Every structure is written in C-alpha cells, then in structure tokens.
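Colleague: Please read through the structure below; I'll follow up with questions.
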Amino acid sequence: MDQKIAPHLEELTRALGDLEKTGIREEFEKLIAFRVPPDVAKESILRKFGRNRVLKVKDLSANLRNLELTVRILDLGEKSIRPQEGSPEGPSKLYTGVLADETGSVLFSSWKELPGSIGDVINVKNAYIRIWQNRINLSIGKQSLVSKVSDSVLPPLAELSGSQIKKLIDIGHADFAVDAIVCVLQFSHREVLVKRRQTRVISGVLADETGRLPFTAWIELPGIDIGSIIRIKGAQIRIFRGMPSVNILSSTKVSLVVAEEARKLAFTFESAAKDPIPIKIEEIDSKDSIFDVAAVGNVVSVRPGSGIITRCPECSRVIQKGNCRVHGKVEGIRDMRIKAVLDDGTGSMSVMIPRDLVEIIYGKTLEEAEQLMFSDVSKDVVYEDLRRFLTGRYFAVRGNSSKGEYGISFVAEKAWVPDDDLEVRVVELLRRLGPAEEDEQDRDSQVSSGGIELA
Amino acid sequence: MLKREVAKRVFAMEFEACRELEKSVRSDPGTIDSKSPNLLISPLGLIINRVFVVGVVTELDNIGTQSEMWKARIVDPTGAFTVYAGQYQPEASIFFSTVKVPAFIALTGKARIYEPEPGSVFVSIRAEEVNVVNEDIRNRWVVDTAEQTVKRLEVFSDALASEYHGEKLREYLLENGVSSELVEGISIMLDQELAPYEFTKLLRASIREGLKTLDFNLEDDTGAKADQKEFVLELLREMGGSKGADYAAFISAAISRGISEQVVEEVIRALLAGGQCYEPKIGIIRLVG
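Line by line, the protein sequences are chains A and B. Just so you know, we're using my numbering here: the first sequence kicks off at 94 and counts up by one. Just so you know, we're using my numbering here: the second sequence kicks off at 4 and counts up by one.
Here it is in structure tokens:
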C-alpha cells in the first residue's frame, strides 16, 4: 500500500510543501482509509488546498480559500472555548484580533497560537475567509501555516493602526477607523432602542467628490447641519447589510472646515449634492458596495418572484401558501415587486424594485394588478405580464449596490426610462471610426441638423 | 461564487467570426471544471458566453422533427444571427410560435458553436429570453453595440501598435484601464498570430454604414425609412391578400410588432400618395397589384 501512495505523497509535497506539519498527510491517509483510490485522493487534496494565492488585505472577499497574506498583528486576544457536551476533545482556545497591511486591516480568528504578538509581522498560508457579523473574517485553521517574518516588509505599527484619511468611495470592509473631509447632505435626529434604552442619534448622508455614505452620530453635533463641510477624525466603520456606514462616537473628533480651506477642496456642497451620474455596471462590480449610485442597462431577464407576492405581517418575509418560515400560519399582506437582471454589456446585476416604483414603471397599481390576477386562471399572470412589458427594455436605476454570493444585488430607490441623445453619440462614433470616403464630413454635418425621432 | 455571465453586446459580423475558446488556453486552467461556462472568442478578443441582441426577425422555421425546434434569423446592420429555441427553452419556443415575421425583437441567449468538421463552423445563439420591442430600443442597441465594438477596435489596434507581447502587453493594457477579461482575450488572439486586419477593416466599414442608416432614419425619406416602408408593405401584403386589410386591425398588428402608429400612418399616407395602395372602401387598405 505504502509503495502505491508514496509517489502521490511526493507529488503533494512538491505542490503543497510540508505535509506533516499542516496535517495534509493525515487528511490524505484518512481518504485512503476510506478506500478512495490514491490518485483520486491526491486530486481532491490538491483541489482542497490548491496553490495559495498571495493577496493583500484589500483584495479579500467572501468565500476565498487557500490564500496567503503577509500582515502585521494590530490586536490579539484569546478566548477559551468550552467543548461541547459529550465531545471527546478538551477545552480549546480561539485567538482573535486584527491583522493589517498597507492596504487595510481585517479581523481574524485562529485555532492556532500565532508565532508572535502585537506588532509582529507574520505570513499566513492556507487561510480562508468567513463572514462573521457582516464582516470579512480571516480564518486560520489547523491546516494553515503561520510563520513570523522580517519586520521590515510592512510599514510600522503606528502607521498601520492610526486611522487613515480616506475618500468615501475607498471605504470598504477592510476599514475600521477612518479620517475624512466630507460634506453633510442629509441630517436628521431619530430615536433608536439601544440595550432597551431610548437613545437619540443623528443619521444622515455624507458626500465627497468620489461618493456618498450613510452616517450615524451617537453624540450631539453642535453647529453642524446640511451643507456643512466637516473634518472627521477617528470615525468607526460598521457594516450594515453589506454597506459601510460611518459611525461618529464620543472618541471621534468632528470639526467644521473653514471657508478658506473648503475652497481648495475638490467638491462643494452644490457639486456633491448633484444626482449621481449613471456609471458602468463593471465599475459597480469592482466595489463591495456603493451607496447611492446610478446605472443604465437593459432588462435581460425578469426573475421568478416578481409580480404579486404575499408577506408576513410580522416580519415582512415573503411567504408561500400563508405560512411564514418564522411565524407559522399568518394572514399575509399582498405586495408587488420586480426582481430583474439589468445588464449593460460590461456587467450584470440583480435589481430589486419595490412596490411604489413598480406602480410607476408598470403603470398599474397593486389593486389593478390584483384584478388582473383574479381575472386569469394562471397565478403567474402578473409575472408573465411584467416579463412581456420589461424584457429587453432600457432602464435606469438609482439606489444602493452590494456584492454577495451571486454577484451584485441592487436595491432601487428610483427607476426610470432613460432619455438618450443617440444623435450626439452617432456623430461621435463616426468621428472615432474615421472617414471612409471623401463625403463623410458633409454627411456628418447634415446629420447634426436633424433630430432623432424616437418612435 | 457562481456569477451570472454578462450579456455581451456584439454585432452579427463579429459574432459570426467567433471561434471556440479552448479550455487549455485560458489564463487559469487550474480552476476549470465541468461547471466552467463554454466560451467563444471573437477576432477582437471579446470573450463571450451570453449575448443580448436587438434586431429584426426575418425568418422563422420550426425545424424540429419530433419536438419543436425553432430556428430564427435576426438581422442587425452588419449581418444576421442564427437563433435556436427547442424544448428546453419552453418560453422562447412559445414566443417564436406566436411572433409574426418581421418584427423587432430583443433576445438574451447563450452563444453556441458547432464544428462538424475542421473548416466548417456554425455559430448560433440558444435563446433564453425573447420579447418584442420597438424601433427606438433597436436603434439604441445599435448605438450601444457600436460604442462597445469601436472601443474594442481601438484597444485592439492600440495593442497591435504597441508591439508588446505576452506579459508586457498585459501590463500595458491593464495600465490603460482595459478590463482584465478583454486583456486576456486580446493576448490569446495575438498569440495565435491571426491578426485580423482585413476583418477589422470590414467591421469598421459595416458599423459606419449601419450607423448611417440610423441617421437617414432621423433625416428623411431614404435609408431606414425605406426599411420601414418595406416592413409596412410586407405586413400589408401578408394581412391584406387580394381583399385588402382592415385599417384598424392593421395598425394594431403593426404596433404589436414594434412600429408606432404615427410611423404606420406616415408610411400609409406616403404609399397612398405614391399610388402603391388605395382604399377600396373606407377603412380598408389594399395594395396595388
């Protein structure tokens, strides 16, 4: 037997390095013990552990595995985990904290003790990513290899742990504390329940020349209102439903930017408050999430689940046949929505359009759609009607995007049929294509005098 | 992560010239398994799995022997797409069994390639979603597709002019903001040393002509207007027969195929004025001859 598996082990060692230390050999032998043919076992081990991809913190995303990182330990703590009752294993320790490189920082949890303490630089191989409390978490498991490396490869601790000044578009899952100069677009007080106590908070929207983000302030902000240009130092970034939000806490410093300095900024209140210009879906795809963004594309598919749906009156979940997953048998409430795939040729995203927008686009109210539903034997009649109505058409949407397991999901707050000046675009295209004949120029100038008739 | 494939905008001429993208030449052969999508690559390096096409359906046949299999021809300004819909595309099949030729349609589908023997290649689309649209959407699709194609043409000729190869070319293109997928496609095409000079020339000329027909449409009586006239005539011939067609029914039939009432009225008026048709009774239109 051993003779048979020896060459496979050799090959695995060449591909993955030390097998003993990482427990890969153990795993391999487990497969062999289950009578998995050695070459098949080798394949599945290679698939599982594969070649490590060397990444920077900012490139981390959900469901990555086999990754390699070189990071500095910013924070490190340990928790004792009591074994489950009846488990043969003794108590174990979980190490958690924050790791960072020059591109950002990331939470981690490790089942192994790290070969270093706060401030040290380590190299981690065979790590993977889990989502924990809406955030990316780097998991260091039993198969991971962790080694201490030279201190000089990364910027010093002080530089990595201080909050960095960021443009709003660059704030993402890898940020914990940031500084920013922004303008306040929306500002309102509201009451929230925190640990069963009514607490007054301020929430609103911040903007700079690159984008917008929601914010929540847990402290009073005297002298600040819509239109103020402010400097924020040490704000905390929290992730809510995939969207970063700027949290202003008592440790955060907020000050008004004086008019003289504000003039040097790349934005003013007027420019920041303008409606967002539609961007390519490709660009939306390049970010984990974008707050308040617009895009234009064709509806290439209207997904099942569009049309009239029934929701649970307690939790608003979509329910089937009067049964809520959580609340059991309930008297459902009818609602209408569209789930459509919008595609502009550079990317595609799943767009959720709520009832009020559906009524405008579709030109039928929920009540009218219900009548349509009752008038037909097919229960999908509204869905079918929406498909006929929407498929292939151009739509513009404005709202929030976030990336999940199945690509971009986009919640529309506005949706409309975009106008377009085809004439200008055609003239520009003909210019880019270059002249073919001598009379090209003449024709171009004629074209610009006519208007496009939209049939 | 199972991500939805993007529906590429591509003209029939470029689509027809696509070849299969062999799994062995893809940049990350390690990650390819049975779930990897089938890909085509165009002479300009566009990597295609799904396409979105808006054009005129000009031919429609049920070629199935035992079960339904629809074959449709969809024409754009540069050529024609061949589209299939069979029993595994029930919605598209139902659509094709009811649509009247000609009509403007929008279609999403998967690119397929069939190579029965070396040298004979059939590129087609397997329909996923189809719908009747209006001419406005068709025109806009032509302009969108022209923009994306011209961008590719520019990147491609830039890549050729740079005279870089391999890794250097990749870096150069990425630095210039070209998407990594197109960079991969271009370097694959350039590695094969099949630089399609002649093809790019033809494609440019064809797009130019296509855009101009759009323009004439805006201008006046020739070009796409003539197409519309042709379209309305065709419809009238089909509906009217020797007895003539009911005007109201004719208008609604035209609208259902994406031609606005205004345009139909205009064309009919022109036809009446030109003596190509007449009103034997009020409300009935009949073609001459």
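We treat Cβ as the ideally placed atom computed from N, Cα and C, and that holds for glycine. Fair warning: this is a prediction, and the values are worked out from it, not measured in the lab.
Pop quiz: Phe-234(B) and Thr-203(B) are said to be a contact at Cβ under 8 Å. What is the actual Cβ separation, rounded to whole angstroms?
Modeller: Counting from 1 along the second sequence, the entry for residue 234(B) is found at position 231. Counting from 1 along the second sequence, the entry for residue 203(B) is found at position 200. Not a contact, Cβ separation roughly 31 Å.
Colleague: Taking 8 Å as the threshold, find out whether the segment 93-106 of chain B comes into contact with the segment 44-58 of chain B through three or more Cβ pairs.
Modeller: The segment 93-106 of chain B vs the segment 44-58 of chain B: no contact.
Colleague: Using C-beta distances below 6 Å, list every residue in its chain close to Arg-223(A), excluding the 5 sequence neighbours before and after it, in chain order.
Modeller: The sequence position of residue 223(A) within the first sequence is 130, counting from 1. Excluding positions up to five away in sequence, the list reads Asn-230 and Ser-232.
Colleague: Thinking C-beta only, is Pro-337(A) closer than 8 Å to Gly-438(A)?
Modeller: Taking the first sequence and counting its residues from 1, the one referred to as residue 438(A) is at position 345. Taking the first sequence and counting its residues from 1, the one referred to as residue 337(A) is at position 244. No, the pair does not count as a contact, with Cβ atoms beyond the cut-off.
Colleague: Given a cut-off of 8 Å, decide if Asn-391(A) and Arg-486(A) are closer than it, judged by their beta-carbon atoms.
Modeller: As a first step, residue 486(A) must be located in the first sequence, where it is residue number 393. As a first step, residue 391(A) must be located in the first sequence, where it is residue number 298. Their beta carbons are under 8 Å apart, which means Arg-486(A) touches Asn-391(A) by this criterion.
Colleague: Just verifying my parser: in three-state terms, what is the DSSP assignment at Ile-282(A)?
Modeller: As a first step, residue 282(A) is located in the first sequence; it is residue number 189 there, counting from the start. Sequence inspection shows His at residue 282(A); the Ile mentioned does not correspond to that position. His-282(A) falls in the strand class under three-state DSSP.
Colleague: Tell me where the alpha helix (DSSP H) around Lys-141(A) begins and ends.
Modeller: In the first sequence, residue 141(A) corresponds to position 48, counting from 1. Element bounds for Lys-141(A): 131-142.
Colleague: Hey, is the segment 354-372 of chain A in contact with the segment 294-311 of chain A, meaning 3+ C-beta pairs nearer than 8 Å?
Modeller: With the cut-off at 8 Å, the segment 354-372 of chain A and the segment 294-311 of chain A touch.
Colleague: Taking the alpha carbon of Tyr-91(B) as the reference point, which residue from Phe-125(B), Glu-71(B) and Ser-100(B) has its own alpha carbon closest?
Modeller: The count along the second sequence starts at 1 and reaches residue 91(B) at position 88. Nearest option by C-alpha distance: Glu-71(B).
Colleague: Quick check on the burial criterion: 16 or more other C-beta atoms within 10 angstroms. Buried or exposed for Tyr-455(A)?
Modeller: Counting from one through the first sequence, the residue named residue 455(A) turns up at place 362. It counts as buried.
Colleague: Taking C-beta pairs closer than 7 Å, name the residues in chain B that Val-519(A) reaches, listed in chain order.
Modeller: Here residue 519(A) is taken as the residue at index 426 of the first sequence, counted from 1. Within 7 Å Cβ-Cβ: Val-146, Leu-214, Leu-217 and Asp-218.
Colleague: Would you say Ser-441(A) lies against chain B (beta-carbon separation less than 8 Å)?
Modeller: Against the first sequence, residue 441(A) aligns to sequence position 348. Chain B contact via Cβ: present.
Colleague: Name the DSSP beta bridge partners of Thr-152(B), please?
Modeller: In the second sequence, the residue the question calls residue 152(B) occupies position 149. Answer is none; Thr-152(B) lacks a bridge partner.
Colleague: By the 10 Å Cβ neighbour count, where 16 or more other Cβ atoms means buried, how is Glu-187(B) classified, buried or exposed?
Modeller: Along the second sequence, read from residue 1 onward, the residue named residue 187(B) stands at position 184. Classification for Glu-187(B): buried.
Colleague: Let me make sure I understand the geometry here. Which of Ile-402(A), Leu-522(A) and Phe-488(A) has the alpha-carbon closest to that of Trp-509(A)?
Modeller: Locating residue 509(A) in the first sequence gives position 416, where the first residue counts as 1. If we check each option's Cα against that of Trp-509(A), Phe-488(A) comes out closest.
Colleague: Measure the alpha-carbon distance for Thr-225(B) versus Leu-43(B) and round it to whole angstroms.
Modeller: Taking the first residue of the second sequence as 1, we reach residue 225(B) at position 222. Taking the first residue of the second sequence as 1, we reach residue 43(B) at position 40. In this prediction, Thr-225(B) has a pLDDT of 47, which is less than 50 and means its spatial position is unreliable; what the coordinates show is noted afterwards. Spanning the two alpha carbons is a distance of roughly 37 Å.
Colleague: What is the DSSP secondary structure of Asn-137(B), reduced to helix, strand or coil?
Modeller: Indexing the second sequence from 1 puts residue 137(B) at position 134. The answer is coil: DSSP assigns Asn-137(B) none of H, G, I, E or B.
Colleague: Helix, strand or coil for Phe-14(B), going by three-state DSSP, please let me know.
Modeller: Position 11 of the second sequence, counted from the first residue, corresponds to residue 14(B). It is coil, neither helix nor strand.
Colleague: Output needed for Glu-113(A): all residues of its chain with C-beta closer than 7 Å, excluding positions within five of it in sequence on either side, in chain order.
Modeller: Here residue 113(A) refers to the residue found at position 20 when the first sequence is read from its first residue. Cβ neighbours of Glu-113(A) beyond the five flanking positions: none.
Colleague: Return the CA-CA distance between Arg-418(A) and Glu-424(A), expressed in angstroms with no decimal places.
Modeller: For the purposes of this step, residue 418(A) is identified with residue 325 of the first sequence, where counting begins at 1. For the purposes of this step, residue 424(A) is identified with residue 331 of the first sequence, where counting begins at 1. If I take the Cα positions, the gap works out to 13 Å.
Colleague: Establish whether the CB of Val-271(A) and some CB of chain B are separated by less than 8 Å.
Modeller: The residue you call residue 271(A) lines up with position 178 of the first sequence. No, Val-271(A) does not count as interfacial toward chain B.
Colleague: Under a three-way DSSP split, which group does Asn-220(B) fall into?
Modeller: Your numbering for residue 220(B) matches position 217 in the second sequence. At Asn-220(B), the pLDDT of 47 sits below 50, so the modelled position is not reliable; the number obtained from the coordinates is stated separately. Three-state result, Asn-220(B): helix.
Colleague: By the 10 Å Cβ neighbour count, where 16 or more other Cβ atoms means buried, how is Tyr-281(B) classified, buried or exposed?
Modeller: Mapped onto the second sequence, residue 281(B) falls at position 278. Tyr-281(B) should be labelled exposed.
Colleague: Quick check: the segment 323-334 of chain A against the segment 364-377 of chain A, are there 3 or more CB pairs under 8 Å?
Modeller: As far as the Cβ criterion goes, the segment 323-334 of chain A does not touch the segment 364-377 of chain A, which means the pair count is below three.
Colleague: May I have the straight-line CA-CA distance separating Leu-200(A) from Cys-405(A), to the nearest angstrom?
Modeller: The sequence position of residue 200(A) within the first sequence is 107, counting from 1. The sequence position of residue 405(A) within the first sequence is 312, counting from 1. One C-alpha to the other measures close to 36 Å.
Colleague: So which of Arg-480(A), Asp-428(A) and Asp-469(A) has the shortest CA-CA distance to Leu-459(A)?
Modeller: Residue mapping note: residue 459(A) aligns to position 366 of the first sequence, counting from 1. Of the candidates Arg-480(A), Asp-428(A) and Asp-469(A), the one whose C-alpha sits nearest the C-alpha of Leu-459(A) is Asp-428(A).
Colleague: Within 8 Å of any Cβ in chain A, is that where the Cβ of Ser-182(B) sits?
Modeller: For this step, residue 182(B) is matched to residue 179 along the second sequence. It does; some Cβ of chain A falls within 8 Å.
Colleague: Tell me Tyr-455(A)'s beta-bridge partners as DSSP assigns them.
Modeller: Indexing the first sequence from 1 puts residue 455(A) at position 362. Paired residue(s): none; Tyr-455(A) is not in a bridge.
Colleague: Have a look at Val-9(B) and Arg-53(B) and give me their C-alpha separation to the nearest angstrom.
Modeller: Taking the first residue of the second sequence as position 1, residue 9(B) is located at position 6. Taking the first residue of the second sequence as position 1, residue 53(B) is located at position 50. Roughly 6 Å between the two C-alpha positions.
Colleague: Between the C-alpha atoms of Ser-96(B) and Gly-89(B), what's the straight-line distance to the nearest angstrom?
Modeller: Position 93 of the second sequence, counted from the start, is the residue given in the question as residue 96(B). Position 86 of the second sequence, counted from the start, is the residue given in the question as residue 89(B). About 6 Å.
Colleague: Quick one: measure Cβ to Cβ for Ile-446(A) and Ala-462(A), integer angstroms, because I've assumed they're closer than 8 Å.
Modeller: If you number the first sequence from 1, residue 446(A) lands on position 353. If you number the first sequence from 1, residue 462(A) lands on position 369. Not quite, the Cβ-Cβ distance comes to about 14 Å (not below 8 Å), so this is no contact.
Colleague: Quick one: is Asp-224(B) near chain A, going by C-beta distance under 8 Å?
Modeller: Against the second sequence, residue 224(B) aligns to sequence position 221. Note that Asp-224(B) has pLDDT 44, beneath the 50 cutoff, so the model's placement of it is unreliable and the number below is only indicative. For Asp-224(B), the answer is no, since every Cβ of chain A falls outside 8 Å of its Cβ.
Colleague: Assign Asn-219(A) to one of three DSSP states: helix, strand, or coil.
Modeller: On the first sequence, position 126 is the one that residue 219(A) refers to. Strand, per DSSP.
Colleague: In terms of residues, what are the limits of the alpha helix (DSSP H) holding Asp-381(A)?
Modeller: Position 288 of the first sequence, counting from 1, holds the residue named residue 381(A). Segment: none, Asp-381(A) is in no alpha helix (DSSP H) and carries neither H nor E.
Colleague: Starting from Leu-200(A), trace the alpha helix (DSSP H) in both directions and tell me its first and last residue.
Modeller: Start at 1 with the first residue of the first sequence, and residue 200(A) comes out as number 107. Leu-200(A) -> not in any alpha helix (DSSP H); beta strand (DSSP E) instead, spanning 197-203.
Colleague: Over the uninterrupted beta strand (DSSP E) stretch that includes Phe-55(B), give me the two end residues.
Modeller: Start at 1 with the first residue of the second sequence, and residue 55(B) comes out as number 52. 53-65 is the extent of the beta strand (DSSP E) around Phe-55(B).
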